[in-house]
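Participant: Got a structure for you, written out below as structure tokens; questions coming shortly.
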Amino acid sequence: MHDHLPLTSSSSAAAGLAVVEAEIGRACKEARRERTSVNLIAVSKTFEAAAIAPVIAAGQRMFGENRVQEAKGKWPALIAAQPAIALHLIGPLQSNKAREAVALFDAIHSVDRPSLCDALAKEIAAQGRSPQLFVQINTGEEPQKAGIAPADADDFLARCRDHWGLTIAGLMCIPPADEAPAPHFALTAKIAARNGLTQLSMGMSADFATAIQFGATHVRVGSAIFGHR
Ligand SMILES: *Cc1c(COP(=O)(O)O)cnc(C)c1O
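Next up, the structure:
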């Protein structure tokens, strides 16, 4: 979004962060919500530590990655330098990576199947570490997309609690690319409300202001901060 400016990529990421912050502030005001009720997750996937450091220097503390291996490569050193960093896994998680994910991440947004719940419950018990967990809802019922079908969500959430003993903080959704996002945000918020869940991970660069209108507590914003991937 700042490609026309004669800036280095790092200073344009800090500028992108400022623009996104201003837009979040405006959306909160319009929705009559406190700014502190919305967490900005800066999605740094595909960007190297050198591009991320200026965003940390600008004060951003919550970051999102979609791959365990990539995050393991670049984040331990950044976290050592700034221990207040909170790292969120927003992409699909293979059960055989649950150990590494529980060790590294403070939140996992992609809980979406029984085998993963098995693996997470085991690792949480073994490591004594409890990342905040979000169940992903496939609101568009897209066959190629991860997530629990809306009709199965209530049962799955009850099983998370009763069978696996997992504390689920909230729900996450990724609306279909070719549809208006608002109905998908509304559906996700409705499923969360009837299950007593307070956290809603929804909204990306193109639609985070709309997500805030519909109650998002976590917006996942990548390209509007870091630029094109
Ligand atoms: C990449 C990604 C984002 C950020 O997308 P932008 O459009 O770049 O803001 C958000 N959520 C998930 C799950 C992603 O994979």
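All residue numbers in the sequence shown are consecutive under our numbering, ending with 230. C-beta atoms are modelled at their ideal positions from N, C-alpha and C, and glycine is treated no differently. All figures in this text were calculated on a predicted structure; none of them were measured in a lab.
1. Which of helix, strand or coil does DSSP assign to His229?
2. With a threshold of 7 Å on Cβ separation, who are the neighbours of Ile192 within its own chain once the five nearest residues in sequence on each side are excluded?
3. Per DSSP, which one or two residues make a beta bridge with Phe135?
4. Report all residues for which the CB-ligand distance to some heavy atom of ligand 1 is below 5 Å; order them along the chain.
5. So the beta strand (DSSP E) Val222 belongs to, where does it begin and stop?
6. Where do the N-terminal and C-terminal ends of the beta strand (DSSP E) with Gln200 fall, by residue?
7. Rounded to a whole number of angstroms, what is the C-alpha to C-alpha distance between His185 and Thr140?
8. Can you tell me which residues form a DSSP beta bridge with Asn1?
9. Give me the Cα-Cα distance between Gln95 and Thr47, rounded to the nearest whole angstrom.
10. In the DSSP assignment, the alpha helix (DSSP H) including Glu124 goes from what residue to what residue?
11. Report the residue from Thr211, Arg230, His229 whose alpha carbon sits nearest the alpha carbon of Gly26.
12. At which residues does the beta strand (DSSP E) containing Leu94 begin and terminate?
13. For the beta strand (DSSP E) containing Glu35, list its first residue and its last residue.
14. Am I right that Ala99 and Glu124 are in contact with their C-beta atoms under 8 Å? What's the rounded C-beta distance?
15. Given this structure, state the Cα-to-Cα distance separating Val20 from His164, to the nearest angstrom.
16. Which of the three DSSP states, helix, strand or coil, is assigned to Phe106?
Facilitator: Quick look at the numbers:
1. To locate residue 229, count along the sequence shown from 1; it is residue 228. It is coil, neither helix nor strand.
2. Position 191 of the sequence shown, counted from the start, is the residue given in the question as residue 192. Excluding sequence neighbours, Ile192 sits near Ile138, Pro151, Ala154, Leu172.
3. Locating residue 135 in the sequence shown gives position 134, counting from the first residue. BP columns for Phe135 point to Gly171.
4. Val44, Asn67, Ile91, Met205, Ser206, Arg221, Val222, Gly223, Ser224
5. By 1-based counting over the sequence shown, the position of residue 222 is 221. From DSSP, the beta strand (DSSP E) with Val222 extends over 219 to 222.
6. The residue you call residue 200 lines up with position 199 of the sequence shown. Its beta strand (DSSP E) spans residues 200 to 202.
7. Taking the sequence shown and counting its residues from 1, the one referred to as residue 185 is at position 184. Taking the sequence shown and counting its residues from 1, the one referred to as residue 140 is at position 139. Rounded to the nearest angstrom, the two C-alpha atoms are 6 Å apart.
8. Outside the displayed range of the chain (2 to 230) lies residue 1, so it cannot be described from this structure.
9. Translated into the one-based positions of the sequence shown, residue 95 becomes position 94. Translated into the one-based positions of the sequence shown, residue 47 becomes position 46. When the Cα atoms are used, Gln95 and Thr47 turn out to be separated by approximately 19 Å.
10. The residue given as residue 124 occupies position 123 in the sequence shown. 115 to 128 is the extent of the alpha helix (DSSP H) around Glu124.
11. As a position in the sequence shown, residue 26 is number 25, starting the count at 1. Nearest option by C-alpha distance: Thr211.
12. The sequence position of residue 94 within the sequence shown is 93, counting from 1. Careful: Leu94 lies outside any beta strand (DSSP E) and carries neither H nor E.
13. Counting from one through the sequence shown, the residue named residue 35 turns up at place 34. That residue, Glu35, is in no beta strand (DSSP E); it is neither H nor E in DSSP.
14. Within the sequence shown, residue 99 is the residue found at index 98, counting from 1. Within the sequence shown, residue 124 is the residue found at index 123, counting from 1. At roughly 5 Å, the Cβ-Cβ gap stays under 8 Å, so Ala99 and Glu124 are in contact.
15. Looking up residue 20 in the sequence shown gives position 19. Looking up residue 164 in the sequence shown gives position 163. Approximately 44 Å between the Cα atoms of the pair.
16. As a position in the sequence shown, residue 106 is number 105, starting the count at 1. Phe106: coil per DSSP, three-state reduction.
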